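What follows is one structure encoded as structure tokens, with my remarks underneath.
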Amino acid sequence: MSKQPAIDLNDPVGDHVAKTTCYMCACRCGINVHLRDGKVRYIEGNRDHPVNQGVLCGKGSAGIMQHYSPARLRAPMKRVGPRGSGEFEEISWEEALTMATDWLGEVRANDPKRLAFFTGRDQSQSLTGLWAMQYGTPNFSAHGGFCSVNMAAGGLYTFGGAFWEFGDPDWELTKYFLLFGVAEDHASNPIKIGIGHLKGRGAKIVSVNPVRTGYNAVADEWVGIRPGTDGLFVGALIHELFQNQKIDLDYLVRYTNAPWLVIQHPGAADDGLFARGEDRDPIVFDKATGGFASAMSVETTPALTGARTLADGRTARPVFELMAERFLSDEYAPEAVASQTGVDAEQIRRIAAELAEVAFEQEIVLDQPWTDWAGRRHDKMIGRPVSMHAMRGVSAHSNGFQTCRMIHILQILLGSIDCPGGFRYKPPYPKQAPPWLLPQGALEDIRPREPLGGPHLGFPLGPQHLLLDDDKPSRIDKGFTWDAPMSAHGLMHMVINNAAKKDPYEIEVLFMYMANMAWNSSMNVPGTIDNLTAKDDDGQYVIPKIIYSDAYYSEMVPYADLILPDTTYLERWDCISLLDRPISTAELAADSIRHPVVKPDRNVRGFQEVLIDLAARLALPAFTNEDGSPRYPGGYPDYMVNHERKPGIGPLAGWRGADGSKTGQGAPNPKQLERYLENGAFFAHELKPEQAYFKHANRDYLNWAVEMGFRVEPRPTIFQLYCEPVQAFRLAAEGHGTRQPPESHRERIRKHFDPLPFWYAPLEETMVEEGAYPLHAITQRPMHMYHSWGSQNAWLRQITAANRLYIHRSLGAKIGVVDDDWVWLRSHQGQVKCQVRLMDGVNPDTVWTWNAIGKRRGAWGLSDDSPEANQGFLLNHLISELLPEGGGGYRYSNSDPITGQAAWFDLRVAIKKADGAHETEPLFEPTGTGGLAPSPNKIAYGAEFKRSGR
Amino acid sequence: MHPAYSVILFTTASGAGYGLMFWLSVAYALGLTPNSPFVLFVAMALALLLITIGLISSTLHLGRPERAMGAFSQWRSSWLSREGVAAVATYMPSGLLALLWLIGVESSLTIPLAILSAVGAVITVYCTGMIYASLRTIRQWHLGLVPANYLALAAATGALLLGFLLAVFGYAPAWTATVSLLGLAVAAALKVHYWQTIDADPGQYTAEMATGLGHLGRVKPLDPPHTRPNFVMREMGYEVARKHAEKLRRLVVAFLFAAPGLSMLLLLTVGGWGATLFFLLAIVCASVGILTERWLFFAEARHVSMLFYGSARA
Amino acid sequence: MTSLPENTGKKLGLVIDLDICVGCHACATSCKEWNTGGYSAPLSDHDPYGADPSGAWLNRIHSYEVGEGPGSKTVHFPRSCLHCEEPECVTVCPTGASYKRAEDGIVLVNPDTCIGCKLCSWACPYGAREYDFDDGVMKKCTLCVDRIYNETIPEEDRVPACVRACPTGARAFGDLGDPSSAVSQSVAARGGFNLLEEFGYKPVNKYLPPRTGASDRDPAIVTQPERMPKPDGSAVERLFAWADQALSR
């Protein structure tokens, strides 16, 4: 046997390591970037980081190819051919910024609302929102309206927190984890880490999802529910809990509005609102005194049941009673929901019993004293160790808001919000329920060169907070109007349609960041493209000017007039702030930064840098000094350190104060970014053990939250099982008040604005021909790609370069297809041709595919014969942004009637075999490639790192 | 398995070359060859040429042909290494023999060299067959029939070449046609038996064994690891459709066995007249036939790793 | 060299937990990024932005559906070299480039002597070896031999890249030849198994099966719900009566 070769076992990875934050999805994991000779050698997770604790998902690990993609834009560009042609001319930054300033300046000086500024990737919302506020246009939001506003609104209106990113299961202590509609989503690595732990500890995972892949594959129990019926399922669980009296009554009395009295006076203007005392606080009936008392008073024994007679002689009943009646009705009995949900009654009963068993018989007691908001000391923290998470599968339906509220009510009945083993808020949450923030941007408040009075988005409490000018919407997306009264995240998906139709009005400039609206982020792609290219009689585009910023040549780029190329995440400063969507965990208030780790090799600039530059050129007050000079001459890092939203409170919470010793509130610290860099690009403040649970009612937490600027007062958050603002809108529909919906909207508002959650059939299926579209069609996000952001990545696209339509084996047999056969999938809006794959683990009435895989020829640096463009497909072409013609001739947005959330998963389809097919339809004309150099046909990345003498 | 044209060329050309070398050497040792060193030289030269073309072709097929020298070192364990050693070793007696015949020198060495050449030819072809037969991962190859087939086909094609060459030079002894005919018959029988054997074996390994998940039930693929095939799928996942394979088998029978066999039979009946033509016809048909046979040898082979990629059995 | 060592000092390998693999491909891409600049540099990609993209990867993730009816499952399934004890991928190699290390059992390809004949990939029943069309040599999992002993890396990070990256903790690394090691103990506790045991290469990597059935995980959970006897009065009335009495303020 000859000698073994000598191997160098101690080859250094790189010449240095830079710690920063990943950007591949909304998880924001901490990463170590190993560099050698200025090139990226290896990216791994940062072990010290609170979010990912050292792990890194498939996307983050492929960051090298994200950074070195040939689809990257190279320089600012000006369109020279027609929109969609992809014909551009490279220009200098000075020319680009001058052009943008001229366009934006002209609009601001005349009619600011004619700027529509909307952001796709929205992790610097506190900056972009400030910019839009200062500019003075009402037309701003991020993309939550077509993403998952139902979860945010459903949660915030109910308990001041939400799934999504505002809370996490108590991974260490929970014993039962129930998921609804979760595939890969925002909390990517924390959920994965958590699932690994739960399985190791023997906790049970139950996953409710029409598709059995990913988290649903490893769940101990998979519930293959029919899309859009989770509300019936949850309602049946609640029914069972009420039926079997498995409710945490103590918890309800302490923390919720369950005992609050609701006026019962049909026809009155305050019917269904809370009965209030003279101090305007809601009232309860105190069993100890036999009389009424303020709900905020501590020393009462509130009754949960019993109709009471108010001082004015009218009747009032506690929320608890109304809730119990609703959910104990036969409508929510397990037998009643079984056939519609596809989940049999026995399984529903058993899951309800398991929830109750774990919550009540397996309670957790921590020997940790704490003090509640009223100053009462408790020796222990008692936990009901049931946790839940829900995401897009609930959100992307027109009944998502009410369904989400139902899930929260289920959690609350089990006493499992922010208790040991339950759902835990992540600072800066909880806020009030709902947060004390009202939308700004009524038309009467819009004036040239004047900032808005406050942030655009908020939580209306009634019709008085709608943004209407008489009946005319103030916002281009018709947010906060009768179309979607509680549209807390705006409706970005309606902007282009409305602008092209000049309904409610025309705009002059559409300015967007990282949102692929001409492709996978829009419904009805052909219609959207028509809207982007629509021309007036005078031959000018109806939307005259489009400015777009992105890092890559996406399908949207060819439709813009001015392109501002963004950096990648390795080349930029960034700020993941407690003022917008931070990286906290349940026990750590945390924020983080990104910083340039490699130098750009092209003429690109970070979008936030550009915004701040434009703000200075436009002389927006918050970005400009008295003397007209820029307030943040150092750009984004300057802003991150020196901007104060309120005195002492800035984007970054760590190392504030001149000496860096303050947390949350403190003067700007010129060395703050250095401190962040020393600490691995993040800051984390650990809560004290006595603050860690019951944050909504925990005095030590609430006081601290006020110090940090998260809350205004240390008043507790009281869970709103009954959501009074919703009733306020219903009353208007019933004919009360000065602001009422138009006739065409009355019935819709009256029906859907129920202050107690309920289930209703998703709107699309109620408006199409019965039986014509028997199947549901949904998507899931693959774990290794994020929206459209994987196909320009040479490694990720090898994993998935085309998508199949997954159908149940029985359906395949019925229509006579086997794997890879072509089918036509048809909806009321259109049809697509695609290939199938048969599987067992899917709800039999559901077909699905991976999200955003299909691409258009000409985009993303891919060749025209790529699988993405020729076999890959989008369901988007089947989805209309408008509901079918309905009552009153008005075409509503295909959205939740309460929040405006885009109802992607309401889609109903029919399927049949397609003969003799080889490529997908519709096939769009290739766009030009904007002068991008042709992509390489071979990559040998890392050859330069090969050392001689292994 | 993906049929690599260079390997097909290699094994058929060198196989024919070694077959020619074998029959030439044996016939010479038995005194059956014409008394013309030049003719013998031409025959051996052709054999060496075919072998060399084959070897060069297979070397160029390597990822790193410049390192090919290293392939001789592991003869203790590797059939590929043994084949290389045997091939090189066989060049020596056969090359020397060719040289002696070229120069036209009388020597008592020629017969021993011929015997060595014959033995070397057999060993080399056997090693080639064993490279495939030693692989337990491919049930269509892991059979004693495989080296047997290689040897038989080398013998049959080599005999045809020898007969043709002698005929070109005006020598047409009947034994060349007889040996060819017999060689074709043996090869045909072995080939048909081979096909029957592989058709009868459904494979002993299953996807359940491969994944170890059989205790949960039947294993079906859901998503592949990548959209387009990777090296393993392209190399091992190549599949020829049953109908297509059957057509090609019939082609093999017709062109590799029937037509040349018939040609030999006719030659034997009409006597030496037209021997060149009969042999040429036989060689042309056999060439088409053997390239097809070799192609099928690869194309009909299934690799056990395909159990991970959707095959239920292998 | 292509004779196998009699026995190896350690039997280093991976344990892959199919119970918690969610099919995220983190192990596949972190392996790709590590190795494209490491021992196997580079792992080339062909037609990376075209119609037929493919490349050399050392770790691949399949997904399967297993079984029928209520017991059926979706299983996500990573596959890479199992560093077998008696692999013929080593013995068939004509140059000795394919070898098994005596000290720790890692099976490697020497990229300086491999001639790219691909015979080793034919000998591997697991499809673990891939030919790099650019480099002309065979590539495979190295068990991150350039990480696990690397003194320039923090000690806690001296594990294969895939193990470091895996978000659910479905991959573990250690000495399967030492019964007291954490990996050996997990194999014993969970019934870890070999892939294609019947083939006889004696794989060192082990797979842990999916846990089946909630009942063997949490027997305390009541599966028969306790139904309240139905007295007179509706469920609503009973509930209200209970609520009135049960509160313990």
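Protein chains in written order, with numbering that gives the first Met the number 0: chain A, 0 to 949; chain B, 0 to 313; chain C, 0 to 248.
Using N, Cα and C, we set each Cβ at its ideal position, and we do this for glycine too.
Treat the numbers as computed from the prediction; the structure is a model and nothing was measured.
In this structure, the CA atom of A/Cys722 is about 52 Å from the CA atom of C/Val158. Taken through DSSP and simplified to helix, strand or coil, A/Leu451 comes out as coil. For the segment 28-51 of chain C, the residues whose beta carbon sits under 9 Å from a beta carbon of chain A are, in order, Thr28, Ser29, Cys30, Lys31, Glu32, Trp33, Asn34, Thr35, Gly36, Gly37, Tyr38, Ser39, Ala40, Pro41, Leu42, Ser43, Asp44, His45, Asp46, Pro47, Tyr48, Gly49, Ala50 and Asp51. For C/Tyr200, the nearest beta carbon of chain A is not closer than 7 Å to its own beta carbon. The C-alpha of A/Asp573 is placed about 36 Å away from the C-alpha of A/Val207. Counting along the chain, C/Cys88 sits inside the alpha helix (DSSP H) bounded by residues Glu87 to Thr90. For C/Pro69 and A/Asn641, the gap between their C-alpha atoms comes out near 59 Å.
Interface residue (Cβ-Cβ distance to chain B less than 7 Å): A/Pro209 is not classified as such. Chain order gives the chain B residues near C/His61 as Thr210, Pro220, Leu221, Asp222, Pro223, Pro224, Phe307 and Tyr308, where near means a beta carbon separation below 9 Å. In the three-state DSSP reduction, A/Gln779 falls in the strand class (E or B). Among the CB atoms of chain B, none fall inside 7 Å of the CB of A/Ala851. Going by DSSP, C/Asp243 is part of no beta strand (DSSP E) but of the alpha helix (DSSP H) stretching over Ala234 to Ala245. Between C/Glu129 and C/Ala55 a beta carbon distance of about 5 Å is seen, short of the 8 Å cut, so the two are scored as contacting.
B/Arg227 reaches chain A at Gln797, Ala800 and Pro866, counting residues in chain order whose Cβ is nearer than 8 Å. With respect to chain B, the C-beta atom of A/Met485 has no partner C-beta closer than 7 Å. Remark: C-beta atoms of A/Pro921 and A/His876 approach each other more closely than 7 Å.
The C-beta separation of A/Val846 from A/Ile878 comes to about 14 Å, leaving the pair out of contact by the 8 Å criterion. Under the 7 Å criterion on CB atoms, B/Leu61 is classed as interfacial with respect to chain C. For C/Cys23, no CB of chain B lies under 7 Å from its own CB, so it is not counted at the interface with that chain. Taking a Cβ-Cβ threshold of 9 Å, the residues of chain B close to C/Leu118 are Ser77, Trp78, Leu79, Ile130 and Leu134, in chain order. Looking only at A/Ala267, A/Asn398, A/Asn215 and A/Ala108, the smallest Cα-Cα distance to A/Phe757 is reached by A/Asn398. Nearest CB-CB separation between C/Glu5 and chain A: not below the 7 Å threshold. Nearest CB-CB separation between A/Gln242 and chain C: below the 7 Å threshold. Interface annotation for the segment 64-77 of chain C against chain A: Glu64, Glu67, Ser71, Lys72, Thr73, Val74 and His75, criterion Cβ-Cβ distance under 8 Å. Cβ atoms of C/Ser185 and C/Ala169 stay farther apart than 8 Å, at about 11 Å. The beta carbon of A/Met322 sits no closer than 7 Å to any beta carbon of chain B. In the three-state reduction of the DSSP assignment, C/Gln184 falls in the helix class. Rounded to whole angstroms, the gap between the alpha carbons of A/Asp329 and A/Ala335 is 7 Å. Of A/Asp819, A/Ile224, A/Pro715 and A/Asp167, the smallest CA-CA separation from A/Arg698 is found for A/Pro715.
The beta carbon of C/His75 lies closer than 7 Å to those of Cys20, Val21, Gly22, Ile60 and Ser62 in the same chain, with the five residues before and after it left out. Excluding its 5 nearest sequence neighbours in each direction, A/Ala61 has C-beta neighbours in its own chain below 6 Å: Asn792, Trp794 and Leu795, listed in chain order. When only Cα atoms are considered, A/Leu686 and A/Gly421 end up about 17 Å apart. Within the same chain, Cβ atoms closer than 6 Å to the Cβ of A/Pro472 are found at Thr480 and Pro503, the five residues on either side in sequence being excluded.
A/Ile416 sits in a strand when the DSSP states are folded into three classes.
Under the three-state reduction of DSSP, A/Ile406 is assigned to helix.
Taking a Cβ-Cβ threshold of 7 Å, the residues of chain A close to C/Ile19 are Ile194, Gly195, Lys198 and Val217, in chain order.
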